[in-house]
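Heads up: the structure comes next, in structure tokens.
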Amino acid sequence: MIINSRFFNRSELIGFVTLALLLFVILPLCLDIFRLNLVAKYLTYAFVAIGLVLCWGYGGILSLGQGVFFGLGGYCMAMYLKLEASSVANTKIQSTPGIPDFMDWNQITQLPLFWKPFHSFSLTLLAIILVPAFFSFIIGAAMFKRRVGGTYFAIITQAIAAIMTILIVGQQGYTGGINGITDLRTLQGWDIRTDHAKFILYFVEVVLLFGCIIVAQFIRLTKLGRILVAMREQEDRVRFSGYSVANFKIFAFCAAAIFAAIGGAMFTLEVGFMSPSFVGIVPSIEMVIYTAVGGRMSIFGAVWGSLLVNFAKTSLSESFPQLWLFGLGALFIAVVLAFPNGLSGIWADYVQPRIDRLLASRKSKFGKGWSDNSVADGAPAE
Amino acid sequence: MFGDYSIGDLGAIFAMQGFAGLILFSVYVLMALGLAIIFGQMGVINMAHGEFMILGAYVTWMTSNAFQHFLPALFPGYFFVAMILAFIASGSLGMLVEWGLIRHLYKRPLDTLLATWGLSLILQQAYRSIFGAREVGVELPEWMMGSVSASDAIQIPINGMFVMALTLLITIGVSYVLFWSRWGRQVRAVVQNRAMAGAVGINTEKVDRYTFGLGCGIAGVAGSAFTMIGSTGPTAGQLYIVDTFLVVVFGGAASLLGTIASAFTISQTQSTLEFFLSGSMAKVITLLAIVGILMMRPQGLFALKVRK
Amino acid sequence: MSDETKQGLQSPFRRKLLAGMAALPALSLLPRPSFGAGPATSAVNTTGLAVTDTEVTVGILHSVTGTMAISETGSVEAEKLAIEQINAMGGVLGRKIKFIQEDGASDWPTFAEKAKKLLVNDKCASVMGCWTSASRKAVLPVFEQYNGMLYYPTFYEGLEQSKNVIYTGQEATQQIIAGLDWVQKTKGAKTFYLLGSDYIWPRTSNKIARKHIEGHLKESKVVGEEYFPLGSTQFNSVINKIKLTKPDVIYAIIVGGSNVAFYKQLKAAGIDLSKQTLLTISVTEDEIDGIGGENIAGAFACMKYFQSLDNTNNKEFVSAFKKMWGEKTVIGDVTQAAYLGPWLWKLTVEKAGSFDIDKVAAASPGVEFKGAPEGYVRIHDNHHLWSKTRVGKAKLDGQYELVYETADLVEPDPFPKGYQ
Numbered sequence: 514m515i516i517n518s519r520f521f522n523r524s525e526l527i528g529f530v531t532l533a534l535l536l537f538v539i540l541p542l543c544l545d546i547f548r549l550n551l552v553a554k555y556l557t558y559a560f561v562a563i564g565l566v567l568c569w570g571y572g573g574i575l576s577l578g579q580g581v582f583f584g585l586g587g588y589c590m591a592m593y594l595k596l597e598a599s600s601v602a603n604t605k606i607q608s609t610p611g612i613p614d615f616m617d618w619n620q621i622t623q624l625p626l627f628w629k630p631f632h633s634f635s636l637t638l639l640a641i642i643l644v645p646a647f648f649s650f651i652i653g654a655a656m657f658k659r660r661v662g663g664t665y666f667a668i669i670t671q672a673i674a675a676i677m678t679i680l681i682v683g684q685q686g687y688t689g690g691i692n693g694i695t696d697l698r699t700l701q702g703w704d705i706r707t708d709h710a711k712f713i714l715y716f717v718e719v720v721l722l723f724g725c726i727i728v729a730q731f732i733r734l735t736k737l738g739r740i741l742v743a744m745r746e747q748e749d750r751v752r753f754s755g756y757s758v759a760n761f762k763i764f765a766f767c768a769a770a771i772f773a774a775i776g777g778a779m780f781t782l783e784v785g786f787m788s789p790s791f792v793g794i795v796p797s798i799e800m801v802i803y804t805a806v807g808g809r810m811s812i813f814g815a816v817w818g819s820l821l822v823n824f825a826k827t828s829l830s831e832s833f834p835q836l837w838l839f840g841l842g843a844l845f846i847a848v849v850l851a852f853p854n855g856l857s858g859i860w861a862d863y864v865q866p867r868i869d870r871l872l873a874s875r876k877s878k879f880g881k882g883w884s885d886n887s888v889a890d891g892a893p894a895e
Numbered sequence: 002m003f004g005d006y007s008i009g010d011l012g013a014i015f016a017m018q019g020f021a022g023l024i025l026f027s028v029y030v031l032m033a034l035g036l037a038i039i040f041g042q043m044g045v046i047n048m049a050h051g052e053f054m055i056l057g058a059y060v061t062w063m064t065s066n067a068f069q070h071f072l073p074a075l076f077p078g079y080f081f082v083a084m085i086l087a088f089i090a091s092g093s094l095g096m097l098v099e100w101g102l103i104r105h106l107y108k109r110p111l112d113t114l115l116a117t118w119g120l121s122l123i124l125q126q127a128y129r130s131i132f133g134a135r136e137v138g139v140e141l142p143e144w145m146m147g148s149v150s151a152s153d154a155i156q157i158p159i160n161g162m163f164v165m166a167l168t169l170l171i172t173i174g175v176s177y178v179l180f181w182s183r184w185g186r187q188v189r190a191v192v193q194n195r196a197m198a199g200a201v202g203i204n205t206e207k208v209d210r211y212t213f214g215l216g217c218g219i220a221g222v223a224g225s226a227f228t229m230i231g232s233t234g235p236t237a238g239q240l241y242i243v244d245t246f247l248v249v250v251f252g253g254a255a256s257l258l259g260t261i262a263s264a265f266t267i268s269q270t271q272s273t274l275e276f277f278l279s280g281s282m283a284k285v286i287t288l289l290a291i292v293g294i295l296m297m298r299p300q301g302l303f304a305l306k307v308r309k
Numbered sequence: 022m023s024d025e026t027k028q029g030l031q032s033p034f035r036r037k038l039l040a041g042m043a044a045l046p047a048l049s050l051l052p053r054p055s056f057g058a059g060p061a062t063s064a065v066n067t068t069g070l071a072v073t074d075t076e077v078t079v080g081i082l083h084s085v086t087g088t089m090a091i092s093e094t095g096s097v098e099a100e101k102l103a104i105e106q107i108n109a110m111g112g113v114l115g116r117k118i119k120f121i122q123e124d125g126a127s128d129w130p131t132f133a134e135k136a137k138k139l140l141v142n143d144k145c146a147s148v149m150g151c152w153t154s155a156s157r158k159a160v161l162p163v164f165e166q167y168n169g170m171l172y173y174p175t176f177y178e179g180l181e182q183s184k185n186v187i188y189t190g191q192e193a194t195q196q197i198i199a200g201l202d203w204v205q206k207t208k209g210a211k212t213f214y215l216l217g218s219d220y221i222w223p224r225t226s227n228k229i230a231r232k233h234i235e236g237h238l239k240e241s242k243v244v245g246e247e248y249f250p251l252g253s254t255q256f257n258s259v260i261n262k263i264k265l266t267k268p269d270v271i272y273a274i275i276v277g278g279s280n281v282a283f284y285k286q287l288k289a290a291g292i293d294l295s296k297q298t299l300l301t302i303s304v305t306e307d308e309i310d311g312i313g314g315e316n317i318a319g320a321f322a323c324m325k326y327f328q329s330l331d332n333t334n335n336k337e338f339v340s341a342f343k344k345m346w347g348e349k350t351v352i353g354d355v356t357q358a359a360y361l362g363p364w365l366w367k368l369t370v371e372k373a374g375s376f377d378i379d380k381v382a383a384a385s386p387g388v389e390f391k392g393a394p395e396g397y398v399r400i401h402d403n404h405h406l407w408s409k410t411r412v413g414k415a416k417l418d419g420q421y422e423l424v425y426e427t428a429d430l431v432e433p434d435p436f437p438k439g440y441q
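Chains as they are written, first to last, in the working numbering: chain A, 514 to 895; chain C, 2 to 309; chain F, 22 to 441.
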């Protein structure tokens with residue numbers, strides 16, 4: 514199934530190693546735990562961005578509602594952690610001990626049915642993967658089978674993000690409402706709020722992230738990946754060639770949803786709460802911009818984009834809160850107009866050739882060829 | 002719930018509720034018309050549509066203050082001046098944006114989405130920096146406040162009637178321009194076949210620019226009208242954007258008629274549901290219904306062809 | 022004055038002038054605030070907070086951008102005014118207050134992140150901040166984990182109490198119960214229509230209101246209860262329902278941008294607030310600025326502070342505030358509560374004789390502030406404030422006219438029995 518003989522071509526390998534070095538070694542050594550935790554938060558967005566690279570960069574499906582899946586994964590994890598934090602011992606001052614505090618002050622006296630499965634960690638983990646997959650499957654099937662794409666699809670995903678936000682905020686007895694689910698303390702007895710825990714969670718997350726990168730790269734390299742690219746360029750031809758375009762799109766969309774959900778679950782663990790402010794339209798569009806800045810065609814670019822944009826946000830908003838929004842808006846426009854392939858595009862267009870030339874001049878001295886059979890990275894932007 | 006009231010009372014309530022629905026309908030049409038022109042005719046998504054509306058609202062506020070200071074005698078009539086100024090302001094900004102940003106992105110509709118979102122962030126922050134983070138209160142002339150009593154029990158808000166009349170006027174105006182004027186013919190030609198339209202001598206760039214400007218200008222007038230019923234602040238545009246998009250998409254962005262039909266359906270559903278349920282549930286059910294219907298018929302109510 | 026000058030510099034005027042001129046050199050002897058004369062740092066700061074011999078650092082954490090910036094700007098201004106005044110009087114324990122301001126950007130996770138930064142990186146001795154319950158709930162675990170002290174200014178739904186927070190705004194029972202009693206006594210109100218924006222504060226408040234109306238008021242009942250999504254702008258349907266049911270009192274807890282739409286549409290529908298009683302707990306002078314006085318004149322609001330309060334503290338406060346932030350600014354209940362934060366902190370620190378959070382928390386109950394613009398407040402054991410409940414009537418110019426004030430201070434009760 515794998516077209517290419519090599520899993521990572523040379524430049525990708527360098528990118529992989531650089532990123533691994535940065536995330537596994539350099540950052541943990543250089544940053545204090547507070548900033549490392551911030552990096553962990555930024556990296557949770559990278560999960561969403563990787564998913565978007567698959568479905569938007571390669572598949573041409575722009576989803577402006579990834580916040581929905583981020584939120585679904587995040588809320589699943591939050592529900593599990595909240596139930597653990599709301600043991601009968603911890604909640605004895607409530608009118609109904611044993612249920613989360615926000616249910617108590619909404620006069621709910623019994624744990625609702627859909628919360629019950631979240632007593633179990635394994636069911637929770639399963640839910641984090643399956644629930645978003647299920648929803649994305651339904652949405653994808655309904656839309657792609659009827660050949661809805663492009664801008665229509667994008668707007669409908671926005672509407673779905675808006676609906677989910679309203680539902681969560683309105684049903685505050687069941688979901689914690691606009692406050693979200695807060696005050697999460699332990700995971701299977703292990704206190705996740707200590708510095709030590711955050712340190713370990715950071716590494717868990719980075720490992721998961723690289724897992725997702727490898728999966729995404731795998732998808733790219735299989736025939737599926739080729740078809741995604743082909744679909745993005747000339748959908749009709751792919752259809753005429755006998756492939757079911759809708760099924761491939763559904764797959765890409767579901768994959769993106771699952772990645773986003775994993776990110777959401779890690780976010781809940783890192784930050785210690787989940788709220789509807791990550792589910793709506795604004796955060797969903799921001800997640801798209803991380804992908805765009807990094808380069809929508811580049812999986813590593815997605816990670817870099819998430820890190821850099823969020824880092825800029827934190828440092829600029831501390832010093833120049835007014836200026837930051839101008840900057841963010843300008844970033845959107847600049848990336849779209851001038852750098853459609855984002856940073857990785859700049860790298861591929863300007864920096865990589867220089868490196869290649871440098872290396873080629875050295876190689877020619879040794880007279881050895883090293884042909885590069887990689888899948889084309891820098892396909893033209895949409 | 003209905004048992005306590007007389008037939009006359011009930012009749013009055015239904016009449017008032019009908020008007021409430023019509024007012025909501027007019028609001029949606031006004032919001033969506035500008036966007037429908039831009040999206041439907043040009044395929045461009047303008048995520049900054051709400052901010053153009055708010056520009057109109059701020060212009061109205063400034064006009065209101067100017068009249069209060071310099072021309073207090075003419076204050077009752079200031080609103081008409083304000084609307085014209087709002088149209089000009091938003092229209093001009095629209096044309097500028099088209100020249101600077103949109104025209105580079107015609108082949109890439111998804112990218113216009115992102116770029117105009119960035120524009121909306123910039124505009125919001127600009128409003129915040131220029132006018133302050135707080136909301137501004139627009140003072141209305143006396144004759145626009147209050148309501149008219151059609152009978153003892155039935156009262157119709159004047160600003161509601163104003164909005165309905167305005168919507169009617171603008172819709173007729175736009176239809177006339179698009180379907181009966183020479184320029185409208187040019188717009189439709191460019192939309193149907195840009196290359197041929199250029200070949201027969203139509204200045205496609207100019208047509209695009211004016212169309213975008215028209216759409217934004219209408220948004221400005223809508224924003225101006227909404228100062229009567231809503232708030233004006235830097236982020237107020239965000240309140241309208243999702244509803245507006247849904248109205249346009251639900252109607253099948255290919256036609257203005259679709260937009261109107263969709264606005265009517267959505268507004269009536271919502272106001273009826275609001276009467277029997279609470280506001281929150283009504284909104285959710287309406288949105289779910291729209292999304293559900295769109296999933297079954299994604300091209301909208303009146304699509305002429307499937308959009309990709 | 023001119024007659025006196027005509028008499029040619031004889032007489033009272035001349036004497037006044039000479040006296041004034043003689044005072045000039047005396048000005049240089051006026052005490053100017055000097056810092057560094059307080060107790061030794063090692064004595065007052067044993068937990069590593071940002072305290073030096075001459076300075077102490079506090080944090081200000083509000084939204085300067087985003088939808089909440091509209092409301093939180095006033096709080097920031099009030100806190101800065103209080104800090105400036107305290108510094109002019111010599112600071113806290115002889116140390117000048119230096120503040121670090123962070124922007125929560127109307128985003129709860131950002132609030133949590135910035136709170137952590139203020140406590141862990143900047144080691145602030147206290148933080149004045151937050152506005153919405155969501156932001157407070159997001160930062161509460163941070164303050165409890167890192168043992169910080171938050172002064173929270175907004176009126177809210179109660180149901181919370183923390184060693185690490187001082188709630189300078191009212192909790193629900195302080196705002197609701199006295200107001201409902203008053204409206205029944207003076208207006209003979211029996212039927213109530215409850216409205217609110219759809220999230221925790223209005224829902225919890227209406228729950229308390231309903232329990233009080235149906236349980237404690239004579240022959241009263243709730244004839245309608247409805248909620249609207251945050252940011253909704255269409256209220257015509259519920260206004261028609263109100264016309265249908267003709268309640269004695271409309272009890273409105275609408276928030277944010279929806280407020281403006283609601284009152285404008287109410288007025289346009291012909292509901293005359295001088296004839297139909299409307300009681301709200303969510304509209305302060307700040308909100309009226311956006312709504313327009315003409316749209317809400319005649320409505321009643323239940324707060325603990327109005328800008329128009331007639332006492333010396335308030336007059337000085339209002340003029341100082343206007344001098345610092347502009348003649349046209351208005352001051353609402355939350356802005357005043359934010360003003361109380363730095364002052365209460367200063368008094369508590371001086372009572373405890375230390376900046377250590379544990380000592381400040383232990384010393385808080387019983388701290389009184391007699392210079393409060395609302396008159397007098399005292400911190401309760403549960404870290405809320407004893408304060409009076411007041412009812413004001415909105416006027417055309419956007420100010421409130423005081424129509425009722427409880428005789429005594431109302432005790433804060435964040436976990437009211439029988440109301441939950």
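Note that the Cβ used here is the ideal one computed from N, Cα and C, for glycine as well. Bear in mind that the values here come from a model prediction, so they are computed numbers and not experimental data.
DSSP state of E426/F, grouped into three classes? Look at E426/F here: in three-state DSSP terms it is strand.
In terms of residues, what are the limits of the beta strand (DSSP E) holding K117/F? K117 to D124
Here's the rule: buried if 16 or more other CB atoms are within 10 angstroms of the residue's CB, otherwise exposed. What is A851/A? Per the 10 Å Cβ criterion, exposed.
Helix, strand or coil, according to DSSP, for L141/C in the structure here? coil
The stretch 164–182 of chain C contacting the stretch 304–311 of chain F, beta-carbon criterion three pairs below 8 Å: no
Quick check: what's the CA-CA separation for G119/C versus I846/A? Straight-line Cα distance between these residues: approximately 6 Å.
Between the CA atoms of S147/F and I198/F - distance to the nearest angstrom: 32 Å
Please report the Cβ distance between V45/C and T113/C, rounded to the nearest whole angstrom; I am assuming they are in contact, meaning their Cβ atoms lie under 8 Å. 5 Å
May I have the straight-line CA-CA distance separating S232/C from F520/A, to the nearest angstrom? 56 Å
Beta-carbon separation of K372/F and V398/F under 8 Å? no
For Q106/F and L48/F, the rounded distance between their alpha carbons: Caution is warranted here: a pLDDT of 49 is assigned to L48/F, below 50, making its placement in the model unreliable, and no coordinate value can be reported.
Using the beta-carbon count (16 or more within 10 Å), is T707/A buried or exposed? exposed
Determine, for E895/A, whether the minimum Cβ-Cβ distance to residues of chain C falls below 8 Å. Residue placement at E895/A cannot be trusted, given a pLDDT of 34 that sits under 50; what the coordinates show is reported in the next sentence. Cβ-Cβ to chain C under 8 Å: yes for E895/A.
Under 8 Å, Cβ to Cβ, is there at least one residue of chain C near Q685/A? Q685/A does not count as touching chain C.
Could you tell me the distance, in whole angstroms, from the CA atom of S295/F to the CA atom of L124/C? 40 Å
Unbroken stretches of the beta strand (DSSP E), 3 residues or longer, contained in the stretch 241–311 of chain F: Taking 3 residues as the minimum length, the beta strand (DSSP E) runs contained wholly in the stretch 241–311 of chain F are 242–249, 270–274 and 298–301, in order along the chain.
Put C145/F into one of helix, strand or coil per three-state DSSP. In the displayed model, C145/F falls within coil according to three-state DSSP, outside both helix and strand.
Residue environment, Q191/F, which counts as buried when at least 16 other CB atoms sit within 10 Å: buried
Under 8 Å between C-beta atoms, does Q835/A make it to chain F? yes
What are the residues in the stretch 651–677 of chain A lying within 7 Å of chain C by C-beta distance? Flagged, chain order: A655, M656, R659, R660, V661, G662, G663, T664, Y665, A667, I668, I669, Q671, A672, I673, A675 and I676.
Quick one: what's got a C-beta closer than 6 Å to I726/A's C-beta in the same chain, skipping five residues either side? I812, listed in sequence order.
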